[in-house]
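S.K.: The listed protein sequences derive, respectively, from chains A and B. According to the numbering used here, the first sequence is numbered sequentially starting from -6. According to the numbering used here, the second sequence is numbered sequentially starting from -6.
Number of protein chains: 2
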Amino acid sequence: MYTLLIQHLSKHISLTNEEIILLTAAFKPRRLKKKEFLLHQGEVSRQETFVTQGCLRAFSVNDKGEEHIAQFAVEDWWVGDMYSFLTGAPSRLYIEALEDCQLLQIDRPGLEDLYLRVPKMERFFRIIIQNAFIASQNRVLSAMSQTADERYLAFIRKYPNIEQRVPLYQIAAYLGITPEFLSRIRKKFQGK
Amino acid sequence: MYTLLIQHLSKHISLTNEEIILLTAAFKPRRLKKKEFLLHQGEVSRQETFVTQGCLRAFSVNDKGEEHIAQFAVEDWWVGDMYSFLTGAPSRLYIEALEDCQLLQIDRPGLEDLYLRVPKMERFFRIIIQNAFIASQNRVLSAMSQTADERYLAFIRKYPNIEQRVPLYQIAAYLGITPEFLSRIRKKFQGK
DNA sequence: CGCGACGTTGATTTGCCTCAACGATTGTGG
DNA sequence: CCACAATCGTTGAGGCAAATCAACGTCGCG
């Protein structure tokens, strides 16, 4: 249960056994069933969440009622509205389980306490925030300068196997195109 | 020269006179002439920059040779490749002056030193990073879910008066459309 | 079995691009 | 200070990428 998290952290920082014990105490396990919500738009996000099993989507609904998917999260990814978590502002995202999920969560006091006991975690979360920022910048560029075909191919490279787990119309909502059009693109590329 | 920076900081954190003195010592003034570059793609960004006068653009060039503008920066804004600055990775951006500029800059050692002497600056820069992240997320949504008309109207609300300072084709590169098409949009909305 | 959720396909429309030509400004060197 | 060249913005015609609307097929599931 915690081993995936420890492996994940170890990619960026090195941990002693003692620190691993502190870490496992700081993160609380949680289960979520398919179609349950981790967060609703307008709520304040009180936890950051690491996914150890399952798949979720973070999406917003604009004033025209259209859903746009900010992020898919599968095993070994983080999910949450970081801005809301850090500032206490109401979240602009919904986060919903697309499969039954196993999660590990830490809340704000838990994180502050962890920073005191394992200071290198500050470094880790700064890296996470930076990566989220970069990923977002890259998506701006890709949305502006690539065709739907190119974005689709980049998507299946970034999220391999996710096509088998997530319905097509959700992927379309991530790519910013209609399900019909994604269906045609997929047909064109089937068998690569 | 420094008063704009102090006013800017004071919006987020409160400063004593002593801290203001430390701050003005930490930031170094710099001038840049129109068409000069603050940063080239591939370089490591060694400074974060606050604009006290003038206007710049941060843009990237993709493999098709197209320019895309990540950000305009005018008085009272920050500009730089934060990712490169924080990680030491080569920058993916060019930053170029669109007018003669007056800037205030701080480098990495200067910032670390400032954090020690004025710890509340940590809080300030965390807020700046978060805001940059949020702005980027909003641009993803707007690029995916809005028409060019809507993005144009949102743009002139976000950057009032900038139309008088920046050529149309640069604004088109920011919005992700062709100059010709922006010209038609503008015609449609002239006189609001 | 029958219903709802999901994916596909066709016909049509529209938002935006491309290419090309032409004014209006700006600026620069002689 | 003028002449000429860049630079920039506008306009028109035509084309393509992607949306829309509508119909139908298929599967999983209560």
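All C-beta atoms in this analysis are idealised placements derived from N, C-alpha and C, irrespective of residue type, glycine included.
Can you name the residues of chain A whose CB is closer than 8 Å to the CB of residue 126/B?
M.R.: 75, 76, 122, 125, 126, 129
S.K.: In chain order, which beta strand (DSSP E) runs of at least 3 residues are fully inside the stretch 81 to 124 of chain A?
M.R.: 87 to 90, 94 to 100
S.K.: Considering only residues of the same chain and omitting the five flanking positions on each side of residue 216/B, which have a CB-CB separation below 8 Å?
M.R.: With chain B running from -6 to 185 in the structure shown, residue 216/B is simply not present.
S.K.: Looking only at DSSP bridge pairs, what is residue 46/B linked to?
M.R.: 95/B
S.K.: Name the chain A residues that come within less than 9 Å of residue 5/B, Cβ to Cβ?
M.R.: Going along chain A, no residue has its Cβ under 9 Å from residue 5/B, so there is no contact; the nearest lies around 12 Å.
S.K.: Assign residue 153/A to one of three DSSP states: helix, strand, or coil.
M.R.: coil
S.K.: Output the distance between the C-alpha atoms of residue 172/B and residue 43/A, rounded to the nearest integer angstrom.
M.R.: 44 Å
S.K.: Locate the beta strand (DSSP E) running through residue 65/A, then write down its first and last residues.
M.R.: 60 to 67
S.K.: Considering just the uninterrupted stretch of the alpha helix (DSSP H) at residue 179/A, what are its terminal residues?
M.R.: 172 to 182
S.K.: Mind checking which residues open and close the alpha helix (DSSP H) that includes residue -3/B?
M.R.: -4 to 3
S.K.: Exposed or buried, which one is residue 178/A when buried takes at least 16 other CB atoms within 10 Å?
M.R.: So residue 178/A counts as buried.
S.K.: Would you say residue 59/A reaches chain B, if we count a Cβ-Cβ gap shorter than 7 Å as a contact?
M.R.: yes
S.K.: With which residues is residue 40/A paired in a DSSP beta bridge?
M.R.: 100/A
S.K.: Looking at C-alpha atoms only, which residue of 137/A, 2/A, 183/A is the closest neighbour of residue 169/A?
M.R.: 137/A
S.K.: Is the separation between the beta-carbon of residue 40/B and that of residue 100/B shorter than 7 Å?
M.R.: yes
S.K.: Give me the Cα-Cα distance between residue 129/A and residue 64/A, rounded to the nearest whole angstrom.
M.R.: 10 Å
S.K.: Would the stretch 25 to 40 of chain B and the stretch 75 to 90 of chain B be scored as touching if the rule is three or more Cβ pairs under 8 Å?
M.R.: yes
S.K.: Please confirm whether any heavy atom of the ligand ATP lies closer than 6 Å to the CB of residue 141/A.
M.R.: For the ligand ATP, the structure offers nothing, since it holds no ligand at all.
S.K.: Does residue 138/A have its Cβ less than 7 Å from a Cβ in chain B?
M.R.: At a cut-off of 7 Å between beta carbons, residue 138/A contacts chain B.
S.K.: What is the residue span of the alpha helix (DSSP H) that residue 161/B lies within?
M.R.: Residues 161 to 168.
S.K.: Just tell me which of 11/A, 47/A, -4/A has its CA closest to the CA of residue 26/A.
M.R.: Ranking 11/A, 47/A, -4/A by Cα distance to residue 26/A puts 47/A first.
S.K.: Check each candidate in -5/A, 11/A, -6/A, 5/A and name the one with the smallest Cα separation from residue 111/A.
M.R.: 11/A
S.K.: Helix, strand or coil for residue 31/A? Go by DSSP, reduced to three states.
M.R.: Reduced to three states, the DSSP call for residue 31/A is strand.
S.K.: DSSP has residue 202/A in a bridge; who is on the other side?
M.R.: Residue 202/A lies beyond the range of chain A shown here (-6 to 185); nothing can be said about it.
S.K.: Consider the Cβ of residue 133/A: report whether some Cβ of chain B lies at a distance smaller than 7 Å.
M.R.: yes
S.K.: So with CB distances below 8 Å, who are the chain A contacts of residue 79/B?
M.R.: 119, 123
S.K.: With distance defined between alpha-carbon atoms, name the residue in 161/A, 72/A, 151/A, 182/A nearest to residue 118/A.
M.R.: 72/A
S.K.: When burial is assigned at 16 or more other CB atoms within 10 Å of the CB, is residue 62/A buried or exposed?
M.R.: With 16 or more other Cβ atoms inside 10 Å of its own Cβ, residue 62/A counts as buried.
S.K.: For residue 0/B, count neighbouring Cβ atoms within 10 angstroms of its own Cβ and tell me buried if that reaches 16, exposed if not.
M.R.: exposed
S.K.: Using 10 angstroms around the beta-carbon of residue 18/A, count the other beta-carbons present and answer buried if the total reaches 16, otherwise exposed.
M.R.: So residue 18/A ends up on the exposed side.
S.K.: Got a sec: which bits of the stretch 160 to 174 of chain A sit with their beta carbon under 7 Å from any beta carbon on chain B, in order along the chain?
M.R.: 169
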